[in-house]
Amino acid sequence: MPIPIKDDEIDIVIGALHSDLTTFMDAWRPIFSRFHLIIVKDPDLKEELRIPEGFNLDVYKKLDIDHVVGTSTSIIFSGYSCRYFGYLVSRKKYIVSVDDDCLPAKDNKGFLVDAVAQHITNLTTPATPFFFNTLYDPFTEGADFVRGYPFSLRSGVTCALSCGLWHNLADYDAPTQALKPEERNSRYVDAVLTVPARTLMPISGINIAFNRDAVGPALLPCLRLAGEGKFRWETMEDIWSGMCVKVICDHLGLGVKTGIPYVWRNDRGDAIASLRKEWEGVKMMEDVVPFFQSLRLPQEATTAEDCVVEVANAVNEKLGPKDPMFARAAKAMLDWVKLWKSVGVSSYSPGA
Amino acid sequence: MAEPATATEAAAPAVALLKDELDIVIPTIRNLDFLEMWRPFFQPYHLIIVQDGDPTKTIRVPEGFDYELYNRNDINRILGPKASCISFKDSACRCFGYMVSKKKYIYTIDDDCFVAKDPSGKAINALEQHIKNLLSPSTPFFFNTLYDPFREGADFVRGYPFSLREGVSTAVSHGLWLNIPDYDAPTQLVKPLERNTRYVDAVMTIPKGTLFPMCGMNLAFDRQLIGPAMYFGLMGDGQPIGRYDDMWAGWCIKVICDHLGLGVKTGLPYIYHSKASNPFVNLRKEYKGIYWQEEIIPFFQQAVLPKDCTSVQKCYIELAKQVKEKLSKVDPYFDKLADAMVTWIEAWDELNPAGAAVPNGKAK
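Top line first, the protein sequences correspond to chains A and B. Residue numbers for the first sequence follow the working numbering, so the first one is 1042 and each next one is one higher. Residue numbers for the second sequence follow the working numbering, so the first one is 7 and each next one is one higher.
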């Protein structure tokens, strides 16, 4: 049974890469309006934000970010990375974050998916990373552990991260979408499952939620591609962050779930144009994946902050020599931990 | 709300994929009436019926199926003293069918499993889906969040390294069940009315290094890639345990597949499981297994096969050695089981000389 939680334990964090959020907010209104929202405006966005009335929210812009973060950090909160500022200043236990070009999806019965409710259910029921359950999440209604599942593993562990999926424009990379320009994801896979321990995966930032108390500092805006842009095809920051989070969750004995909820992702951008502009990101995974697969953190690292520092040092040592981008990421990770310790945990309350 | 499809609803496919390369292995003690429901999908294929229990009983096979049938007398005749490794009075005896088959692929199904319907009401050709699963690569080294990237309408997601997109050969396709789910006895006792009505439209590769409970009710595999490891253990009559045959095979094949770089998929297809076995009977069979699995699972999770185990048989013999070394202390049963595992490989190699690895030494 999911732990009953109050609405005021949840923050919805939105990184605004578009100035006009009217359609977005109106579409999500039935689902978002109960909660407090943190909207972080991309510092590169010139136009004023347009946000409809009727929400309980705080908006942070370039001035706020500069004021809080100052110049002492190498972290750049621009583009998709702006949302991490929201993670930093939130004081809630659970955070749900979706891209501002996503709308509520419909499930296989035609009903609107309450993505927030599903994410919170995922986060408040145990994860089962040590043994695969063939009926997927055993804590879902109508399912259970199957024959052969060891009883000692049935209480599970805390789920720290919930990764949702996308209808319409799936989170493909530019080459894949360029090759299949008409392909849209319409399949509704009615399942959520725990990603097994020591199994890595690409964690997309488009539709995620996490337990900020458990892993807050492990979601980090630290890897910037040289040609990073304003389309997901032109970034890897979330994929990088996701590899860190998964390794850290595995080390700390926390769980990561993937599957429902779905969101509907609008058609946007041009895969071929993005591919022409930025393809380094695609190549970098060849080095990144083996690195994270072999990464083992020391037993003494018992908090998310400690773990991030360990990962950062390993990145600097093993990946730094391959590309300065990784050395910069490692530095940014150390800066992020410092920032988290000074801003992320204090009783600091930034003005809107 | 889940219902099985009727015989008239199932429509035979235009092309029966792999019809000369796949055998359907069915263990039974009752009758094979259920085959009527499967006729449009199964009739093109050769069946291997393994008759458990009383060999004097005649098992009625519906007209029009091409089959070979083995009862206990046949098993004893063919294997001689090695027949001791084949279980009696337990559906684990089905693995004899794997051994005598001459085909590349096996599909095994229980005789209380019927054709299921997908959410659109269409009858599911489980065999066809299993074949698709086996003929497309697996991706055990990195999890794809959109599940099987080789399915129509899906692909690898952003961040999936290109060097891993070719995948590896798929050795096993593990299907699921609507209606009566495959629960253990304690769960059945607590939730006697629970039915699986959720159709999860996904196939996925079980990641390397992760074990799973493999159910033999709706299972297909590449016999050439993994056949010798599909031994379903010593269960039933004269044995302290039952209902762990497929589980045991599943843990063995997963360790070996991980070692050899082969893939295991789970998910679609669904079949309709109609009969819930008696939970009290099940509890008695499973009882020891529920305790033992607490030791068995860590054993398999930590099992390491040496680099020179380059064939399935070598891997399996090595596993048998480790079972004897490490699990005998849990119960003398495992000592017997380890010996039976070796006997099984010897029998397999005798019946399948062309596929045998470098000859192994005699069992101790």
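Don't be surprised by glycine CBs; every beta carbon is placed ideally from N, CA and C.
Hey, could you find the ends of the alpha helix (DSSP H) L195/B is sitting in?
-> Following the DSSP letters along the chain, one finds L195/B inside the alpha helix (DSSP H) bounded by residues A191 to V196.
Same chain only: Cβ atoms within 6 Å of A235/B, ignoring 5 sequence neighbours per side = Closer than 6 Å at the Cβ level, and outside the excluded window around A235/B, lie C258, I259, I262, V318 and Y322.
Backbone secondary structure at Q57/B - three-state DSSP = In this structure, DSSP gives Q57/B an extended state, which the three-state scheme calls strand.
On a CA-only basis, which of I1080/A, E1094/A, G1296/A and I1280/A is nearest D1178/A? Give me that one, please.
-> Distance check between D1178/A and each of I1080/A, E1094/A, G1296/A and I1280/A places G1296/A closest, using alpha-carbon atoms only.
Go ahead and label S97/B buried or exposed: buried means 16 or more other beta carbons lie within 10 angstroms of its beta carbon, across all protein chains shown.
-> Burial check for S97/B: the Cβ neighbour count within 10 Å reaches 16 or more, so the residue is buried.
Could you round the C-beta distance between F1129/A and W1381/A to whole angstroms and report it? I think they count as a contact, below 8 Å.
-> In the sequence as presented, Phe is not what sits at residue 1129/A; that position holds Leu. Distance from L1129/A to W1381/A at the Cβ level is roughly 7 Å; contact confirmed, criterion being Cβ atoms closer than 8 Å.
Classify K313/B as buried or exposed, calling it buried when 16 or more other Cβ atoms lie within 10 Å of its own Cβ.
-> Residue burial annotation: K313/B is exposed, with fewer than 16 other C-beta atoms found within 10 angstroms of its C-beta.
Excluding sequence positions up to five away, which residues of its chain have a Cβ less than 7 Å from the Cβ of L357/B?
-> So the qualifying residues of the chain are M105 and V106.
Mind pulling the chain A residues with CB within less than 7 Å of F148/B?
-> For F148/B, the chain A residues whose C-beta falls within less than 7 Å of its own C-beta are L1241, M1242 and V1330, listed in chain order.
Is it buried or exposed for T1166/A, if we count other Cβ within 10 angstroms and need 16 for buried?
-> Under the 10 Å beta carbon count, T1166/A is surrounded by 16 or more other beta carbons and is classified as buried.
Compute the distance between the beta-carbons of T349/B and C91/B, then report whether it is under 7 Å.
-> It is a contact, given that the beta carbons lie within the stated cut-off.
Close Cβ partners of D279/B (< 6 Å) along its chain, the five nearest in sequence each way excluded = Correcting the residue identity first, residue 279/B is His in this sequence and not Asp. Taken in chain order, the residues that qualify are C119, W183, N185 and I186.
Quick one, which of Y153/B, V336/B and V121/B has its alpha-carbon nearest E15/B's?
-> Out of Y153/B, V336/B and V121/B, V121/B has the C-alpha closest to the C-alpha of E15/B.
Which residues in the same chain have their Cβ closer than 7 Å to the Cβ of E1321/A, if we skip the five residues on either side of it in sequence?
-> Correct list, in chain order: L1266, A1267 and G1268.
In terms of residue numbering, what span does the alpha helix (DSSP H) encompassing N1354/A cover?
-> According to the DSSP assignment, N1354/A belongs to the alpha helix (DSSP H) that extends over A1345 to A1355.
Give me the Cα-Cα distance between T1175/A and V1230/A, rounded to the nearest whole angstrom.
-> Using only the alpha carbons, I get a separation of about 14 Å.
Do W1377/A and L1261/A have their C-beta atoms within less than 7 Å of each other?
-> Yes, they are a contact pair.
Based on Cα-Cα distance, which residue from F147/B, D337/B, V67/B and L41/B lies nearest to Q1334/A?
-> Comparing Cα positions, the closest option is F147/B.
Determine the DSSP secondary structure at C119/B, reduced to helix, strand or coil.
-> Correct three-state label for C119/B: strand.
Using a Cβ cut-off of 7 Å (strictly closer), state whether E9/B contacts chain A.
-> Not an interface residue.
Contact under 7 Å by Cβ, D161/B with Y1213/A | For the pair D161/B and Y1213/A, the CB atoms are nearer than the 7 Å cut-off.
Which residue's Cα is closest to the Cα of F168/B: T1169/A, D1148/A and P1331/A?
-> Comparing alpha-carbon positions, the option among T1169/A, D1148/A and P1331/A lying closest to F168/B turns out to be P1331/A.
Note down the Cα distance separating A1314/A from P1216/A, rounded to an integer number of angstroms.
-> Looking at the backbone, the Cα of A1314/A and that of P1216/A are separated by about 10 Å.
Name the chain A residues that come within less than 8 Å of E200/B, Cβ to Cβ?
-> Per Cβ cutoff of 8 Å: G1183 and D1185.
State yes or no: is the C-beta of S175/B within less than 7 Å of the C-beta of L28/B?
-> Taking 7 Å as the cut-off, the beta carbon of S175/B is found no closer than this to the beta carbon of L28/B.
Cβ of T1299/A less than 7 Å from any chain B Cβ?
-> Residue-level contact check: T1299/A touches chain B, since one or more beta carbons of chain B fall below 7 Å from its beta carbon.
Do you know whose CA, among P1084/A, S1193/A and E1088/A, lies nearest F1110/A's CA?
-> One detail in the question is off: residue 1110/A reads as Val in this sequence, not Phe. For V1110/A, the nearest C-alpha among the options comes from P1084/A.
So, does the CB of R45/B fall closer than 7 Å to a CB anywhere in chain A?
-> By this cut-off, R45/B is not an interface position.
Indicate whether at least one CB of chain B lies closer than 7 Å to the CB of D1212/A.
-> Closer than 7 Å: yes.
Beta-carbon proximity check, Y1121/A vs T1276/A, cutoff 7 Å | In this structure, T1276/A lies closer than 7 Å to Y1121/A by Cβ.
Is D58/B near I84/B, with beta carbons less than 7 Å apart?
-> Not closer than 7 Å, so no.
Would E69/B be called buried (16 or more neighbouring beta carbons within 10 Å of its own) or exposed?
-> Exposed: under 16 other Cβ atoms inside 10 Å.
Of all the alpha helix (DSSP H) runs that stay within the bounds of the segment 1052-1121 of chain A, which reach a length of 4 or more residues?
-> The alpha helix (DSSP H) runs lying completely inside the segment 1052-1121 of chain A and spanning 4 residues or more are 1063-1073 and 1103-1110, given in chain order.
Burial state of Q308/B, where buried means 16 or more other Cβ atoms lie within 10 Å | Looking at its Cβ environment, which holds fewer than 16 other Cβ atoms inside 10 Å, Q308/B is exposed.
Once you ignore the five residues that flank P219/B on each side, which residues in its own chain have a CB closer than 7 Å to its CB?
-> Cβ within range, chain order: M253 and G256.
Within-7 Å CB hit, G1189/A to chain B = With its beta carbon less than 7 Å from one in chain B, G1189/A belongs to the interface.
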